[in-house]
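Engineer: Those protein sequence lines, which keep their order, are chains A and B. Quick note on numbering: this note's numbering labels position 32 of the first sequence as 32, and the sequence is numbered without any gaps. Quick note on numbering: this note's numbering labels position 77 of the second sequence as 1077, and the sequence is numbered without any gaps.
There are 2 protein chains.
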Amino acid sequence: MPDSVNKDDDGNEGLVFAVDLGGTHLRSSTVSKDGKIHHRRKQQTPRAAKAEEIVHAITRAAREFEELGKVDGRCIRAVSVAVPGTVNVDEGVIVKAPNLPSLEKYPLCAELTSQLNLPCVLENDANAAAIGEVWRGAARQHKTIVCLTLGTGVGGGIILDGKLWRGVEGAAAEIGHMCVDPFGGVACTCGSQGCLEVYASATAIVRMARNGRADHPDSILNNCNELTAERVHKGGAAGDELALEVFQRMGIYLGIGIANLINLLDPEMIVIGGGVANAWSLFETHMRQQVVERAFSRLAAHINIARAECGDDAGLLGAARLAFDRMS
Amino acid sequence: MPDSVNKDDDGNEGLVFAVDLGGTHLRSSTVSKDGKIHHRRKQQTPRAAKAEEIVHAITRAAREFEELGKVDGRCIRAVSVAVPGTVNVDEGVIVKAPNLPSLEKYPLCAELTSQLNLPCVLENDANAAAIGEVWRGAARQHKTIVCLTLGTGVGGGIILDGKLWRGVEGAAAEIGHMCVDPFGGVACTCGSQGCLEVYASATAIVRMARNGRADHPDSILNNCNELTAERVHKGGAAGDELALEVFQRMGIYLGIGIANLINLLDPEMIVIGGGVANAWSLFETHMRQQVVERAFSRLAAHINIARAECGDDAGLLGAARLAFDRMS
């Protein structure tokens, strides 16, 4: 078999070992320059872990992928890690990560480079997801987008004219902490109240459903032992009134937030990903209604608001792409 | 007298003829490359004017300045116009300008170039003000700022890493139309409700004062024939309770908006200009309180929030600077 079958379109055989390090799961993969994921792995993030244990889990996965790469005739050229927190990209250090406190201030890139003998890139996970969606997802061929990731929290990534906007302290695009109801009385973990996150995250969906149960004694959500955003979604899909109300409320606040983003940044596209986006059909109308009512009509008429397409791979792909860009 | 006394620091003798074309006033000046304003003029914008009348007013001013420039030994090298509307910068055309409807879609730059035989630059006035504040005002030596202009409306300019962010349709930085109270019931001229503009503009100050008079029969604002934002300011400075309440409310909403800008863009600095900023001491505490409560604490600790320093010249200076940049 000729070597060429294993080569990328551009003849580059290098791979990036990309890691999406969440508070719950550590997902890793090897990605080639054409955006293909070659091998992947999903494991639990070591619980209450010291930084060293997390590094060990990453390096062990890297070495397994290295062996697999040898079979394919491809080398890992860099490691790239997406993390749920604020990152000092230049120094490769996590500044703030509430879900991974042991990694705060820890020289993660330096340690991975030392142990794996590979250059290392570190990025915020929602930023990486935005890059992933531009590279291989819903925003292909777009240069100016805002990407929202509706998960446990609400993350954001802002790409302006092809470049990630990170802010001067590396903390930009905290779209989940844009205030959309300053006096509504719902407190946010950030210390403020009325943030988008308290209406559009999975956590918010569960809270709103739980709080609504007393008013909806017939709701099928009263029969759940453990209420999850997915169950509320299923309830809504089955026509449950409480579930539909929850996603209506969520859609309204999401639309208010998106209208703000449109009036502030005038992007080409808004991309919405994360687990909660699976309930798209339940909140889409309410979200779009707010955008029509609140964004400048000329912009509302042009804006493309669409679901993300990379699913759980957005962060991995974005991390990989950032490493390829750094190497080129 | 040697020629050199009239030369700029860099020896360049060229001037930009800068125009700040408002719905009420047409302000114009000549500006040299060191940011010095040489001559200035303020006149009424021709009322209910056809585009041609506005062009005529501009070209007449330009020719007067040309004569004055000859005395100083300086030539006008370009014309640059700041306008209250959305601009297609590349084509030099105003896309949308509610206060200057006759200029919508009119080829203003082409016409000025044809009549004055000078290259022409067109920019949104709030964008120009942001550039002016970075060049010669409060944001000197800063590269990433958001500038709010609190006038009849609320304008905004976003400068990221030294570059104006205009958005893909030229309509970015509409900070006055960020929603800060979606269900508060105050309608905005843009069609939405609860926009920052309905709480932080001069128009809003007057509306809030007027609406509050019944509850404050002793307020000195009850004795005004014509209520203006300036009178409310003076009332507050004299300790009038209604006026103080109005600026408290304004400061709270302004702070909510600024906290959003900080969490979204993570800038170095927020600059606040326009006539309403003269009441700074009446709203500052309330504004800062919201920023502390709502912005990420790490960012709130660093952010520099300050009054603009260029006053009414911000737009003229910014327009001039954009023309110098274009010529270099």
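Beta carbons are placed, not taken as given, at the ideal position from N, Cα and C, and that holds for glycine.
#1: Can you tell me the Cα-Cα spacing of B:H1038 and B:R1213, whole angstroms?
#2: Cβ closer than 8 angstroms: which chain A residues qualify as neighbours of B:C1190?
#3: Determine whether the beta carbon atoms of B:V1093 and B:P1107 lie at a separation below 7 angstroms.
#4: Give the range of the alpha helix (DSSP H) segment to which A:A17 is assigned.
#5: Where does the unbroken alpha helix (DSSP H) through A:N278 begin, and where does it stop?
#6: Return the chain-ordered list of same chain residues with a C-beta closer than 6 angstroms to the C-beta of B:R1294, the five sequence neighbours on each side being excluded.
#7: Using a Cβ distance threshold of 8 angstroms, determine whether the stretch 275-284 of chain A contacts the stretch 175-189 of chain A, with at least three qualifying pairs required.
#8: Can you name the residues of chain A whose CB is closer than 8 angstroms to the CB of B:W975?
#9: Can you list, in chain order, the stretches of the beta strand (DSSP E) that have 3 or more residues and sit fully within the stretch 141-224 of chain A?
#10: I'd like the span of the beta strand (DSSP E) that includes B:C1109, first residue to last.
#11: So which of A:R207, A:G153, A:S192 and A:E52 has the shortest CA-CA distance to A:E104?
#12: Contact criterion: CB-CB distance below 7 angstroms. Does B:E1169 meet it with respect to chain A?
#13: Taking just the CA atoms, how far does B:T1113 sit from B:E1064?
#14: Step through the CB atoms of chain A and report whether any lies within less than 7 angstroms of the CB of B:I1256.
#15: Let me see if you follow: with CB-CB separation under 7 angstroms, is B:T1030 close to chain A or not?
#16: Listing by chain order, which chain A residues have their CB less than 9 angstroms from the CB of B:D1181?
#17: Nearest to B:N1117 by CA position, among B:G1311, B:G1155 and B:A1062, is which residue?
#18: Identify whether B:L1265 lies in helix, strand or coil by the three-state DSSP scheme.
#19: Taking Cβ positions only, does B:E1309 come closer than 7 angstroms to chain A?
#20: Apart from the five residues just before and just after A:T45, which ones in its own chain have a Cβ nearer than 8 angstroms to its Cβ?
#21: For the stretch 1059-1142 of chain B, list the beta strand (DSSP E) runs that are entirely contained and at least 3 residues long, ordered along the chain.
#22: Specify the secondary structure class of B:E1245 as computed by DSSP and reduced to three states.
#23: Give me the Cα-Cα distance between A:V206 and B:N1304, rounded to the nearest whole angstrom.
#24: In or out: A:R321 buried (at least 16 other Cβ within 10 Å) or exposed?
#25: For B:V1291 and A:G191, I'd like the C-alpha separation in whole angstroms.
#26: Can we say the stretch 122-142 of chain A touches the stretch 306-323 of chain A, given the rule of at least three CB pairs closer than 8 angstroms?
#27: Based on the DSSP output, what are the partners of A:N304 in its beta bridges?
#28: Kindly indicate which residue of A:G167, A:E66, A:M250 and A:I256 has the alpha-carbon position closest to the one of B:T1144.
#29: If you drop the 5 nearest sequence neighbours on each side, which residues of the same chain put their C-beta closer than 6 angstroms to that of A:D312?
#30: Please tell me whether B:A1172 has its Cβ less than 7 angstroms away from any Cβ of chain A.
#31: So what's A:K234 in DSSP terms, helix, strand or just coil?
#32: Nearest-angstrom Cα distance between B:K1042 and B:A1018?
#33: Closer than 7 angstroms, CB to CB, is A:E133 near chain B or not?
#34: Which residues bound the alpha helix (DSSP H) around A:L316?
#35: Counting C-beta neighbours from all protein chains within 10 Å, is the total for A:S297 16 or more, i.e. buried, or is it exposed?
#36: With 16 other CB atoms within 10 Å as the buried threshold, where does A:T152 fall?
Structural biologist: By the coordinates alone:
#1: As a position in the second sequence, residue 1038 of chain B is number 38, starting the count at 1. As a position in the second sequence, residue 1213 of chain B is number 213, starting the count at 1. If I take the Cα positions, the gap works out to 45 angstroms.
#2: Within the second sequence, residue 1190 of chain B is the residue found at index 190, counting from 1. Simply F296.
#3: Working through the second sequence from its first residue, we reach residue 1093 of chain B at position 93. Working through the second sequence from its first residue, we reach residue 1107 of chain B at position 107. Cβ atoms of B:V1093 and B:P1107: closer than 7 angstroms.
#4: Reading the first sequence from its first residue, position 17 is the one you call residue 17 of chain A. Note on identity: in this sequence residue 17 of chain A is Phe, with Ala being the wrong assignment. A:F17 -> not in any alpha helix (DSSP H); beta strand (DSSP E) instead, spanning L15 to L21.
#5: Locating residue 278 of chain A in the first sequence gives position 278, counting from the first residue. It is not in any alpha helix (DSSP H) - A:N278 carries neither H nor E in the DSSP assignment.
#6: Walking along the second sequence from the start, residue 1294 of chain B turns up at place 294. Contacts found: A1259.
#7: no
#8: Within the shown structure, residues of chain B are numbered from 1001 to 1328, placing residue 975 of chain B beyond reach of any answer.
#9: 145-150 and 154-160
#10: Position 109 of the second sequence, counted from the start, is the residue given in the question as residue 1109 of chain B. Element bounds for B:C1109: not the beta strand (DSSP E) but the alpha helix (DSSP H), L1108 to L1116.
#11: Here the question's residue 104 of chain A lines up with position 104 in the first sequence. Minimum Cα distance to A:E104 is reached at A:E52.
#12: Residue numbering aside, residue 1169 of chain B sits at position 169 when the second sequence is read from its first letter. Yes, B:E1169 counts as interfacial toward chain A.
#13: Here residue 1064 of chain B refers to the residue found at position 64 when the second sequence is read from its first residue. Here residue 1113 of chain B refers to the residue found at position 113 when the second sequence is read from its first residue. Whole-angstrom Cα-Cα distance: 17 angstroms.
#14: Here residue 1256 of chain B is taken as the residue at index 256 of the second sequence, counted from 1. Chain A, which has a Cβ nearer than 7 angstroms to the Cβ of B:I1256, makes this yes.
#15: Here residue 1030 of chain B refers to the residue found at position 30 when the second sequence is read from its first residue. By this cut-off, B:T1030 is not an interface position.
#16: The residue labelled residue 1181 of chain B in the question sits at position 181 within the second sequence. By Cβ distance, chain A contributes D181, P182 and F183.
#17: What you label residue 1117 of chain B is simply residue 117 of the second sequence in a count that begins at 1. It is B:A1062.
#18: Locating residue 1265 of chain B in the second sequence gives position 265, counting from the first residue. Of the three classes helix, strand and coil, the one that applies to B:L1265 here is helix, per DSSP.
#19: If you number the second sequence from 1, residue 1309 of chain B lands on position 309. With 7 angstroms as the cut-off, B:E1309 does not count as an interface residue toward chain A.
#20: Here residue 45 of chain A corresponds to residue number 45 of the first sequence, with the count starting at 1. Cβ neighbours of A:T45 beyond the five flanking positions: L21, G22, G23, T24, H25, L26, I54, A57 and L100.
#21: 1076-1083, 1086-1088, 1093-1096 and 1120-1124
#22: One-based indexing of the second sequence puts residue 1245 of chain B at position 245. The answer is helix: DSSP assigns B:E1245 an H, G or I state.
#23: If you number the first sequence from 1, residue 206 of chain A lands on position 206. If you number the second sequence from 1, residue 1304 of chain B lands on position 304. In a straight line, the C-alpha of A:V206 is about 38 angstroms away from that of B:N1304.
#24: Position 321 of the first sequence, counted from the first residue, corresponds to residue 321 of chain A. Flag for A:R321 reads buried.
#25: Counting from one through the second sequence, the residue named residue 1291 of chain B turns up at place 291. Counting from one through the first sequence, the residue named residue 191 of chain A turns up at place 191. Using only the alpha carbons, I get a separation of about 11 angstroms.
#26: yes
#27: For the purposes of this step, residue 304 of chain A is taken as the residue at position 304 of the first sequence. BP columns for A:N304 point to A:M269.
#28: Residue 1144 of chain B sits at position 144 when you count from the first residue of the second sequence. Among A:G167, A:E66, A:M250 and A:I256, the Cα nearest to that of B:T1144 is on A:G167.
#29: The count along the first sequence starts at 1 and reaches residue 312 of chain A at position 312. So no residue of the chain qualifies.
#30: Your numbering for residue 1172 of chain B matches position 172 in the second sequence. At least one chain A Cβ lies under 7 angstroms of B:A1172.
#31: For the purposes of this step, residue 234 of chain A is identified with residue 234 of the first sequence, where counting begins at 1. A:K234: helix per DSSP, three-state reduction.
#32: Counting from 1 along the second sequence, the entry for residue 1042 of chain B is found at position 42. Counting from 1 along the second sequence, the entry for residue 1018 of chain B is found at position 18. Their Cα atoms are separated by approximately 12 angstroms.
#33: Position 133 of the first sequence, counted from the first residue, corresponds to residue 133 of chain A. Closer than 7 angstroms: no.
#34: Within the first sequence, the letter at position 316 stands for residue 316 of chain A. Run containing A:L316: A314 to M327, per the alpha helix (DSSP H) assignment.
#35: Looking up residue 297 of chain A in the first sequence gives position 297. It counts as exposed.
#36: Taking the first sequence and counting its residues from 1, the one referred to as residue 152 of chain A is at position 152. Burial call: buried.
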